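The structure under discussion appears below in the form of structure tokens.
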Amino acid sequence: MKRVIYPGTFDPVTNGHLDVIQRAIDLFDEVVVTVARNPVKNQMFSLDERLFMLRESLADFKNVLVDSFDGLIVDHAKQLGAVGIIRGLRAVSDFEYEFQMALMNRKLNENLRTIFLMPNEKYTYLNSTIIRNLAVFHGDVADFVPPIVVEMLKKKNKIHEINGIDKKQEIREDF
0 MKRVIYPGTF
10 DPVTNGHLDV
20 IQRAIDLFDE
30 VVVTVARNPV
40 KNQMFSLDER
50 LFMLRESLAD
60 FKNVLVDSFD
70 GLIVDHAKQL
80 GAVGIIRGLR
90 AVSDFEYEFQ
100 MALMNRKLNE
110 NLRTIFLMPN
120 EKYTYLNSTI
130 IRNLAVFHGD
140 VADFVPPIVV
150 EMLKKKNKIH
160 EINGIDKKQE
170 IREDF
């Protein structure tokens, strides 16, 4: 069985992420979508919220597991018995960063492959930061994210409105 891992912060998960996951399912026996606990990034959603949104969004997907990790992705992939790491490439600018990461991961574990997948072109401009910023200004994100994410973003914005957070500031986790 060929298992791959698709790591990310997924803050929040977008339709672009789901597209890459479906492409990975088409190529491999099992895809483990793994949510990073990244202490360097300020996340809008907690780890539990991100796991919940992913599980809801992927409920109808076959051969997909959702988990989380902290530490090095190569170590987590080895623990899971993954043969590769899936990375989505939207543009050339993504490639430079992802190529460097792939080389470092290869240095850390020469048996682990990095597989680059391009999403459908309608998602090439889409990322989680754009979604968070659009949601802060009450933009309609329904075409870009799964329904559970729309619902969670609305709830998150209500909390900000009640607490009087300035919507011109990018959302931070420490609200």
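Sequential numbering of the sequence shown, starting at 0, is according to numbering that gives the first Met the number 0. By construction, the Cβ of each residue, glycine as well, lies at the ideal position given by its N, Cα and C atoms. Note that the coordinates shown come from a computational prediction; the quantities given were computed from them, not determined experimentally.
Assigned secondary structure, E29 (DSSP; H/G/I helix, E/B strand, else coil) | The residue you call residue 29 lines up with position 30 of the sequence shown. E29: strand per DSSP, three-state reduction.
Can you tell me where the beta strand (DSSP E) with V65 in it begins and where it stops?
-> Translated into the one-based positions of the sequence shown, residue 65 becomes position 66. Unbroken beta strand (DSSP E) run through V65: V63 to F68.
Distance between T113 and L64 (C-alpha atoms, nearest Å) = As a first step, residue 64 is located in the sequence shown; it is residue number 65 there, counting from the start. As a first step, residue 113 is located in the sequence shown; it is residue number 114 there, counting from the start. Taking the straight line joining both Cα atoms gives about 19 Å.
Within 10 angstroms of the Cβ of P11, are there 16 or more other Cβ atoms? Answer buried if so, exposed if not.
-> For the purposes of this step, residue 11 is identified with residue 12 of the sequence shown, where counting begins at 1. P11 should be labelled buried.
Q168: buried (16+ other C-beta within 10 angstroms of its C-beta) or exposed?
-> The residue you call residue 168 lines up with position 169 of the sequence shown. Below a pLDDT of 50, predicted positions are generally treated as unreliable, and Q168, at 44, falls in that range; the measurement from the model is reported next regardless. By the neighbour-count rule (16 or more Cβ atoms within 10 Å), Q168 is not buried but exposed.
Take the Cβ of K121 as the centre, count every other Cβ of all protein chains shown within 10 Å, and call the residue buried at 16 or more, exposed below.
-> In the sequence shown, residue 121 corresponds to position 122, counting from 1. By the neighbour-count rule (16 or more Cβ atoms within 10 Å), K121 is not buried but exposed.
What do you reckon, are the CB atoms on P4 and N62 nearer than 8 Å?
-> As a first step, residue 4 must be located in the sequence shown, where it is residue number 5. As a first step, residue 62 must be located in the sequence shown, where it is residue number 63. In the sequence as displayed, the identity of residue 4 is Ile instead of Pro. Result no, Cβ atoms of I4 and N62 do not sit closer than 8 Å.
Backbone secondary structure at Y5 - three-state DSSP = Taking the sequence shown and counting its residues from 1, one reaches residue 5 at position 6. DSSP places Y5 in strand when its eight states are reduced to three.
Other residues of its chain near L71: CB distance less than 8 Å, five sequence neighbours each side excluded | Here the question's residue 71 lines up with position 72 in the sequence shown. So the list reads L107, once near-sequence residues are dropped.
Helix, strand or coil at L57 according to DSSP, with G and I counted as helix = Residue mapping note: residue 57 aligns to position 58 of the sequence shown, counting from 1. In the structure shown, L57 sits in coil (DSSP, three-state: anything other than H, G, I, E or B).
When you compare each of P145, V144, A134 and T128 to K154 by their alpha carbons, which one comes out closest?
-> Counted from its first residue, the sequence shown places residue 154 at position 155. Nearest C-alpha to K154: A134.
Beta strand (DSSP E) segment containing L133, residue limits | On the sequence shown, residue 133 is found 134 positions in, with the first residue counted as 1. First-last for L133: S127 to V135, but that is the alpha helix (DSSP H), not the beta strand (DSSP E).
Measure from the alpha carbon of N37 to the alpha carbon of each residue in R54, T13, E55 and F9, then state which is nearest.
-> Numbered from its first residue, the sequence shown carries residue 37 at position 38. It is F9 whose Cα lies nearest to the Cα of N37.
Just confirm the distance between the C-beta atoms of F68 and A35, as a whole number of angstroms; I'd bet it's less than 8 Å.
-> Stepping through the sequence shown from its first residue, residue 68 is reached at position 69. Stepping through the sequence shown from its first residue, residue 35 is reached at position 36. With a Cβ gap of about 7 Å, F68 and A35 count as contacting.
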